[in-house]
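With our numbering applied, the sequence shown corresponds to residues 127 to 437, in that order. Backbone N, C-alpha and C fix where the C-beta goes; we use that ideal spot for every residue, glycine too. Remarks on the structure that follows.
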Amino acid sequence: MNNFILGINVIFPLFFVLFTGLFLRKIKIIDERFISQSTNLIFYVTMPASLIMDVKNSDLSGINLGYIIYLLLGVMLMFGGTWIVARFFIEDNKKLSAFVHCAYRSNFLYVGVPILKAVMPNYQMAPVLAAMIFGVALFNIIGTMLLTYYSESDIIISELVVKVLRNPVIVAMAVGLLLKFINFPIPQTLGKGIKVLGGLNTPLALIMIGGSLNFHTRKNDLLLVGISAAIKNIIGAALLVPIAYKLGFNNSEIVVAYILFGTPCAINCFVMGKKLGSDELMTSQIITASYALSLFTFAGGIAILKNFGIV
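What follows is the structure, given as structure tokens:
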């Protein structure tokens with residue numbers, strides 16, 4: 127019980143900021159335009175700037191090939207298992223794509239990394255980079271293919287590859303690796319300025335996500351909404367994190383795996399789903415349910431990790 131309360135104490139400040147964003151949207155201090163501009167600011171400026179410095183200053187010697195394979199197989203298992211079962215029960219293709227997309231894809235960058243920093247301040251950067259480079263990239267590839275398939279549009283492989291390679295997160299990590307490889311000196315004052323800029327990531331992202339939550343309901347979808355949110359928040363992590371522990375991965379790798387597989391579904395599920403013809407109302411319901419549920423699932427997950435001495 128003490129560990130569960132500890133988990134609540136760690137998570138609550140972040141969700142306080144998130145639900146502050148929801149409140150600010152309700153009283154019209156922020157609006158859709160603010161959310162859209164904030165998303166662009168984080169995605170194209172503050173997150174890449176922070177990642178460049180993190181990658182350049184990190185010790186990459188600890189990246190584990192076995193861990194990368196584990197993460198990739200884990201993402202494929204969450205997607206494949208959900209899709210194979212769900213297609214027998216959900217006849218509407220728009221609902222099916224929304225259900226599956228939200229069930230496997232987590233908001234690792236905007237929510238997962240802040241949670242990681244709160245839970246394990248001295249985490250290793252290598253497993254984080256493995257999750258970003260391979261896990262998040264696979265999220266994007268699968269999501270694009272899934273939504274395109276059910277939107278009855280043709281999948282053009284070359285365009286898919288270009289979209290992945292042009293992703294600002296991928297570009298930022300590539301720049302950081304290049305600067306590290308050539309040992310490029312960055313003036314201390316510039317480094318401090320970039321750190322301040324990167325400090326916007328967590329509060330702005332949480333406010334943006336809170337302002338994006340949608341509590342409008344369609345009652346006949348509530349069971350599907352609850353199951354998809356449970357797969358994302360509970361089932362994936364419950365199945366895959368014990369495997370990481372049994373495989374002997376270090377504490378940072380286990381915690382990053384928990385964050386990747388147990389973090390609520392990405393807001394980008396709604397953005398991509400809306401663009402590619404998925405059920406946008408059902409997607410927004412799953413996202414909202416996933417975030418509401420995560421306050422308790424994170425507390426429980428952190429309590430378990432604490433009990434095993436991992437955090």
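Label residue 180 either buried or exposed according to how many other C-beta atoms from any shown protein chain fall within 10 Å of its C-beta, with 16 as the threshold for buried. buried
Which first and last residues belong to the alpha helix (DSSP H) in which residue 179 is found? 173-182
Could you give the uninterrupted runs of the alpha helix (DSSP H) lying entirely in the stretch 217-246, keeping only those of 4 residues or more? 219-230, 239-245
Beta carbon of residue 385, beta carbon of residue 413: below 9 Å? no
Select from 301, 206, 155, 377 the residue whose C-alpha is nearest the C-alpha of residue 264. 206
First through last residue of the alpha helix (DSSP H) which encompasses residue 357: Neither: residue 357 is in no alpha helix (DSSP H) and is coded neither H nor E.
Counted within 10 angstroms of its Cβ, other Cβ atoms place residue 347 as buried (16 or more) or exposed: buried
What are the boundary residues of the alpha helix (DSSP H) that residue 383 is part of? 377-388
Range covered by the alpha helix (DSSP H) that runs through residue 324: 314-324
Does the stretch 251-268 come into contact with the stretch 226-239, if we say contact requires no fewer than three beta-carbon pairs (one atom in each stretch) closer than 8 Å? yes
Kindly indicate which residue of 377, 253, 295, 390 has the alpha-carbon position closest to the one of residue 351. 390
In terms of residue numbering, what span does the alpha helix (DSSP H) encompassing residue 329 cover? 327-338
Using 8 Å as the cut-off, can you tell me whether the stretch 137-153 makes contact with the stretch 417-436, which would need three or more C-beta pairs spanning the two stretches below that distance? yes
C-alpha distance - residue 426 paired with residue 267, whole-angstrom precision: 31 Å
At least one CB of chain C closer than 9 Å to the CB of residue 254: is that the case? The structure shown has no chain C; it contains just one protein chain.
Suppose the cutoff is 6 Å on Cβ atoms and the five residues either side in sequence are ignored; what does the same chain contact list for residue 405 look like? 220, 221, 224
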